[in-house]
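Number of protein chains: 2
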Amino acid sequence: MLRHDYPGQVCSIAKALEVIGERWSLLIVRDVMGGRRRFDDLQKGLGIARNVLSTRLQRLVEEDILERRPYQESPPRYEYFLTEKGLDLWPSLIALLGWGDRHSPYPDGPPMLIVHKECGGQISDRGICEECGKLLHARDAQALPGPGAKALALAAQTSE
Amino acid sequence: MLRHDYPGQVCSIAKALEVIGERWSLLIVRDVMGGRRRFDDLQKGLGIARNVLSTRLQRLVEEDILERRPYQESPPRYEYFLTEKGLDLWPSLIALLGWGDRHSPYPDGPPMLIVHKECGGQISDRGICEECGKLLHARDAQALPGPGAKALALAAQTSE
DNA sequence: CGAGTCAGTTGCTTCGTGCAACCCAATGTG
DNA sequence: CACATTGGGTTGCACGAAGCAACTGACTCG
């Protein structure tokens, strides 16, 4: 997405998309949620152009979705963390993940599984643990490589 | 969003965004879900450029999210309906709606409420009825104007 | 003292988007 | 009958966002 406004739209979906509907934004949030916090790490992981990553991070910080924290001075280096607002995107992310899994599945199964930290149960696309039935939030969950990730790791090996 | 691919990403979120992450796509789905089915109607409601709407609709049809059905011949006129795959975007939409409502609220309250058809209860951002506790799907829900819609209707009146 | 790391910025090109105008068949209006 | 309007688009142009590669600048490591 380009411009960050949908003029004339009065709807919280449109408002949400103004902020996180830009190309790459949600994927950046996903990666930060998964533990990538540094510029180069994000850039390599996503294959995004550096200037675009730079503007996206700035915007996500402005919108209070990410927080930029120095982890050393001289030279100044920063890490990006999710704010509460950013963490709260988790239900939207797993809803999209679920939809993707159901309708454009990978041949060997999902490359990523979301499990409940406490009991290890799989988490549905509504964020409910299928083992214990609890309604979960971002901090209760953990991403693990799924069956589809194996084929991938293999492909990565052979290309090296 | 622009190109519809995120090269090198192996993740169902990225796959989902390839399809519905383009600018306007999700808003089109939202509008069709709300009963708008015709080209001009969508164009006016969204304020989207006609050529862009045209390409978006084609792509959504290609991706089996919308179905294009003629409702008259000569001159041929078409309506767009959601497929099962399209309807299944509902959980993602209400998750985004919920996030928008929580973090960028409208001053007079949400402009749109999602309620359970059967019991009239409000539906949470996980798609669970807060009245009867059932886990719901697109067909169980209905959108109603919320408190924030009044101020809007007023603004629309005065501008006429 | 040269190579590498990290977090960007700069410049250029390409491609997606917004906008307005046009097209065409049929239908409504005076 | 002439003329405007509706519906569903297509075409052409201008502009801004994204992709790519190169560069910067402060430091560290061997």
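Top line first, the protein sequences correspond to chains A and B. The first sequence begins at 1 in this note's numbering and counts up by one. The second sequence begins at 1001 in this note's numbering and counts up by one. Note that CB positions come from ideal geometry on N, CA and C, so glycine has one too. Since we're looking at a predicted model, the values are computed, not measured.
Judged by DSSP secondary structure, A:I13 falls within the alpha helix (DSSP H) whose first and last residues are 12–20.
Using a 10 angstroms sphere on the CB of B:E1022, the tally of other CB atoms reaches 16 or more, which defines it as buried. Less than 7 angstroms divides the Cβ of A:E67 from the Cβ of A:T83. Around the C-beta of B:G1127, 16 or more other C-beta atoms lie within 10 Å, and the residue is accordingly described as buried. B:D1041 has its alpha-carbon roughly 39 angstroms from the corresponding atom of A:M112. Counted as a single uninterrupted DSSP element, the stretch harbouring B:R1139 is not any beta strand (DSSP E), since DSSP gives it neither H nor E. When secondary structure is reduced to three states using DSSP, B:P1145 falls in the strand class. For A:L144 and A:G109, the gap between their C-alpha atoms comes out near 13 angstroms. Put simply, the CB of B:H1116 is far from chain A, with every gap to its CB atoms at 7 angstroms or more.
Cβ contact annotation for A:D125 (same chain, cutoff 6 angstroms, sequence separation greater than five): I94, A95, G98, in chain order.
In this structure, B:G1100 keeps its C-beta atom at 7 angstroms or more from the C-beta atom of A:S54.
Counting the other CB atoms within 10 Å of its CB gives B:K1015 a total of 16 or more, which places it among the buried residues. Look at B:P1075: its C-beta is not under 7 angstroms from any C-beta on chain A. Look at B:R1126: its C-beta is under 7 angstroms from a C-beta on chain A.
By the beta-carbon neighbour count (other beta carbons within 10 angstroms, threshold 16), B:Q1072 is exposed. In terms of beta-carbon proximity, A:I13 lines the interface with chain B, with at least one pair separated by less than 7 angstroms.
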